[in-house]
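Asker: For what it's worth, this note's numbering labels the leading residue of the sequence shown as 81, then goes sequentially.
Virtual Cβ for every residue (Gly too), placed ideally from N, Cα, C.
Remember, it's a predicted structure, so these values are computed and weren't measured experimentally.
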Amino acid sequence: MAVAGCPDYFLHHPNYQDNVDRAPKHRSTDLMETNFRHSSNQNSPNHQEDDVDLEALVNDMNSSFDSLISPCSVVVDPAPPPHNGQLCRTPQSISPGHRVRRSQPVHIMAVRRLQEAEQQLRTSSLPAIPNPFPELCSPAGSPVLTPGSLPQCQLSGNNIIKVFSEDGTGKAVEIPADMAARDLCQLLVYKSHCVDDNSWTLVEHHPLLGLDRCLEDHELVLQVHASMTSESKFLFRKNYAKYEFFRNPSNFFPEHMVAWCQDTNRSIPPSQLLQNFLNSSCYPEIQGFLYLKEVGRKSWKKLYVCLRRSGMYFSTKGTSKEPRHLQLLADLEDNNIFTVITGKKLHNAPTDFEFCIKPNKVRNDMKELRMLCAEDEQSRTCWMMAFRLLKYGILLYENYRVPQQRKTLLSHFSTPVRSVSENSLVAMDFSGRIGRVIDNPVEAQSAAMEEGYTWRKRSQRMNILGSPSPLHSSSLSTVIHRTQLWFHGRITREESHRMVIQQGQVDGLFLLRDSQSNPKAFVLTLCHHQKIKHFQILPCEDDGQIFFSLDDGATKFTDLIQLVEFYQLNKGVLPCKLKHPCTMVAL
Numbered sequence: 081m082a083v084a085g086c087p088d089y090f091l092h093h094p095n096y097q098d099n100v101d102r103a104p105k106h107r108s109t110d111l112m113e114t115n116f117r118h119s120s121n122q123n124s125p126n127h128q129e130d131d132v133d134l135e136a137l138v139n140d141m142n143s144s145f146d147s148l149i150s151p152c153s154v155v156v157d158p159a160p161p162p163h164n165g166q167l168c169r170t171p172q173s174i175s176p177g178h179r180v181r182r183s184q185p186v187h188i189m190a191v192r193r194l195q196e197a198e199q200q201l202r203t204s205s206l207p208a209i210p211n212p213f214p215e216l217c218s219p220a221g222s223p224v225l226t227p228g229s230l231p232q233c234q235l236s237g238n239n240i241i242k243v244f245s246e247d248g249t250g251k252a253v254e255i256p257a258d259m260a261a262r263d264l265c266q267l268l269v270y271k272s273h274c275v276d277d278n279s280w281t282l283v284e285h286h287p288l289l290g291l292d293r294c295l296e297d298h299e300l301v302l303q304v305h306a307s308m309t310s311e312s313k314f315l316f317r318k319n320y321a322k323y324e325f326f327r328n329p330s331n332f333f334p335e336h337m338v339a340w341c342q343d344t345n346r347s348i349p350p351s352q353l354l355q356n357f358l359n360s361s362c363y364p365e366i367q368g369f370l371y372l373k374e375v376g377r378k379s380w381k382k383l384y385v386c387l388r389r390s391g392m393y394f395s396t397k398g399t400s401k402e403p404r405h406l407q408l409l410a411d412l413e414d415n416n417i418f419t420v421i422t423g424k425k426l427h428n429a430p431t432d433f434e435f436c437i438k439p440n441k442v443r444n445d446m447k448e449l450r451m452l453c454a455e456d457e458q459s460r461t462c463w464m465m466a467f468r469l470l471k472y473g474i475l476l477y478e479n480y481r482v483p484q485q486r487k488t489l490l491s492h493f494s495t496p497v498r499s500v501s502e503n504s505l506v507a508m509d510f511s512g513r514i515g516r517v518i519d520n521p522v523e524a525q526s527a528a529m530e531e532g533y534t535w536r537k538r539s540q541r542m543n544i545l546g547s548p549s550p551l552h553s554s555s556l557s558t559v560i561h562r563t564q565l566w567f568h569g570r571i572t573r574e575e576s577h578r579m580v581i582q583q584g585q586v587d588g589l590f591l592l593r594d595s596q597s598n599p600k601a602f603v604l605t606l607c608h609h610q611k612i613k614h615f616q617i618l619p620c621e622d623d624g625q626i627f628f629s630l631d632d633g634a635t636k637f638t639d640l641i642q643l644v645e646f647y648q649l650n651k652g653v654l655p656c657k658l659k660h661p662c663t664m665v666a667l
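#1: For the 8 Å Cβ check, are there 3 or more pairs between the segment 291-300 and the segment 254-274?
#2: Return the bridge partner residues of Gln-625 from the DSSP annotation.
#3: Going straight from the alpha carbon of Asn-520 to that of Glu-530, what length do you get?
#4: Taking 8 Å as the limit between beta carbons, can you name the residues of its chain near Asn-650, skipping five residues before and five after?
#5: If you compare alpha carbons, which of Gln-407, Arg-593, His-614 and Asn-598 is closest to Ile-40?
#6: Tell me whether Gln-485 is buried or exposed, calling it buried when 16 or more other Cβ atoms sit within 10 Å of its Cβ.
#7: Using the Cβ count rule (16 or more neighbours within 10 Å means buried), how would you classify Cys-607?
#8: Measure the C-alpha to C-alpha separation of Arg-327 and Gly-624 and round it to an integer number of angstroms.
#9: Please state the DSSP three-state secondary structure of Phe-357.
#10: Which residues bound the alpha helix (DSSP H) around Ile-641?
#11: I'd like to know whether the C-beta atoms of Thr-422 and Gly-248 end up nearer to each other than 8 Å.
#12: Around the Cβ of Lys-611, are there at least 16 other Cβ atoms within 10 angstroms (buried) or fewer (exposed)?
#13: Here's the rule I'm using: 16 or more other beta-carbon atoms within 10 Å means buried, otherwise exposed. How should Ala-306 be labelled?
#14: Which residues in the same chain have their Cβ closer than 6 Å to the Cβ of Pro-655, if we skip the five residues on either side of it in sequence?
#15: Starting from the C-beta of Asp-110, find all residues in its chain whose C-beta is less than 7 Å away, skip the five residues before and the five after it, and write them out in chain order.
#16: Assuming Thr-281 and Cys-294 make a contact with CB atoms under 8 Å, what is their CB distance in whole Å?
#17: For Ile-560, which residues from the same chain have a beta carbon less than 7 Å from its beta carbon, with the 5 sequence-adjacent residues on both sides left out?
#18: Which residue from Leu-408, Glu-457 and Ile-437 puts its Cα closest to that of Thr-431?
#19: On the three-state DSSP scale, how would you describe Leu-268?
#20: Which first and last residues belong to the beta strand (DSSP E) in which Ala-252 is found?
#21: With 16 other CB atoms within 10 Å as the buried threshold, where does Thr-663 fall?
#22: Decide if Asn-440 is buried, meaning its Cβ has at least 16 other Cβ atoms within 10 Å, or exposed.
#23: Just to confirm the assignment: which complete beta strand (DSSP E) runs, minimum length 3, are found wholly within the segment 556-627?
#24: Would you grab the beta carbon distance between Gln-616 and Ala-634 for me? Rounded to a whole angstrom, and I think it's under 8 Å.
#25: Within 10 angstroms of the Cβ of Gly-569, are there 16 or more other Cβ atoms? Answer buried if so, exposed if not.
#26: Thinking just about the alpha-carbon of each residue, which of Val-482, Ser-379 and Glu-335 is nearest to the one in Arg-450?
#27: First and last residue of the alpha helix (DSSP H) that includes Lys-401?
#28: If you draw a straight line from the alpha carbon of Pro-329 to that of Leu-353, how long is it in whole angstroms?
#29: Roughly how many angstroms separate the alpha carbons of Leu-358 and Gln-367, rounded to a whole number?
#30: Quick one, are the C-beta atoms of Cys-436 and Leu-452 less than 8 Å apart?
#31: Under the rule that 16 or more other beta-carbon atoms within 10 Å means buried, what is Ser-390, buried or exposed?
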């Protein structure tokens, strides 16, 4: 049964059909009454202007219902089980852009979906508000307005890390999340009262793998710390060779290892060599033979390797560098280069000059490490420095320039500021019967220097009873050097080698130690051209006084401090001057 003016949706609804079946007579009677009144109105002369066409009225009602239902997007699901022999069609979603008046009958599911759509539209325009109390609820139930907008866990605020010195002492330091390695070194220098000569570095040390790496100055400390294991730790030490290749590039990049020199058959100026590494449009290349440890084996294989901006490759056919013969060994972006400190003992390396390429994601997996070994120290240094230059480029040069610029800015304040009490002091001369004030500053400075060296030139000392006694082994001149940072006591030859290598094998790096073969002698350990040499300091006696000499008595010194100060100014019999003391600091 169809009723004019009603849409199909209401005709097929079971409740509506039952109502129509149960009361058909009443609806027809009402319709007859309406027609009767309409006909009587037409016959009445007083209501001619109020005539209403019933058919037009029904058509208007149909059009109003069609305009109401047509904007609604009706999606018909698979038909549900029949109810009273008829199929029910249920609208699933209604566009939120059209508001339905309450006087019109709308299905309850459509109303719910309309409300959900309006709520989603309203919340989608709001910004993502993270949960201010994440510890009170799980991430799934976190009150975030936009799903999936909860940020990942990031390091924020202050964090506490522990930094160790080479003697095993450690210090806990609280640092912010954005602190770089350079800033942490400056903080440790300030807390430890060290001399700030821009050579202090932070070292990433992995004892289980036997690896060491100096952090670049721009690296964030907490990001590196998050990738380390519980056994790994940070070390605070000096490294004079960190930026030495900017000062003397020819010592670090020999011509036979630079591909450009081989192609052009000519030498490259040092400035041009650095520009090729720093300029991203140039493509320098380091080439040479290296020993490569085979994965999963203890054997080593000698291969021809080349290092480019795109990565490190080895040739599968001799020294050929054709693309079909090159195989990728490691890229530069996701890897870091480390020095192997236990190469021969742990990996059975063919030489002592081993280094390693370690992926950033690897922690303790030895199989993921690419172990390499060079023929000598100069070759190993060349490979490692070129790896850093090709990876960081101009950023490495900016790190080198930062302390230089700071030194230039502070050059105007190089003169120490004296306190009020120091300004009240004056230089006096008591050589005559009456003391006098020294007004000439040049004379005052020379008098101060002469007075400082007077105690070293005395040939006799007074014993505790006040009588003069000859100089003996426990006198001040034989023990005063033990207070100096460059003196390291009774360490072995191997330990001195290790310290020099760790602090960078630059020209002039030195230390003094006790001699193991002669208990009265000392040894000067000096680095020159990346080679470590040892010079014995022997005591000699002259007119009852003990002196120390490096050249069999040709040049004599009253103590080791005077000897070091002389060779810092004069090369003498040494291959180079003493420049950088090898020091250790306790945190």
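Answerer: On the basis of the coordinates in this document:
#1: yes
#2: Asp-622
#3: 16 Å
#4: Lys-657
#5: Any property of residue 40 remains undetermined from this structure, which presents the chain solely from 81 to 667.
#6: exposed
#7: buried
#8: 47 Å
#9: helix
#10: 640-649
#11: no
#12: exposed
#13: exposed
#14: His-608
#15: Confidence in Asp-110 is poor, its pLDDT being 47 and thus under 50, which makes the residue's placement too unreliable to answer from.
#16: 5 Å
#17: Asp-639 and Ile-641
#18: Glu-457
#19: helix
#20: 250-256
#21: buried
#22: exposed
#23: 589-594, 602-608 and 611-622
#24: The pair is not a contact, with the Cβ atoms about 14 Å apart (cut-off 8 Å).
#25: exposed
#26: Ser-379
#27: From DSSP, Lys-401 is part of no alpha helix (DSSP H); its letter is neither H nor E.
#28: 8 Å
#29: 18 Å
#30: yes
#31: exposed
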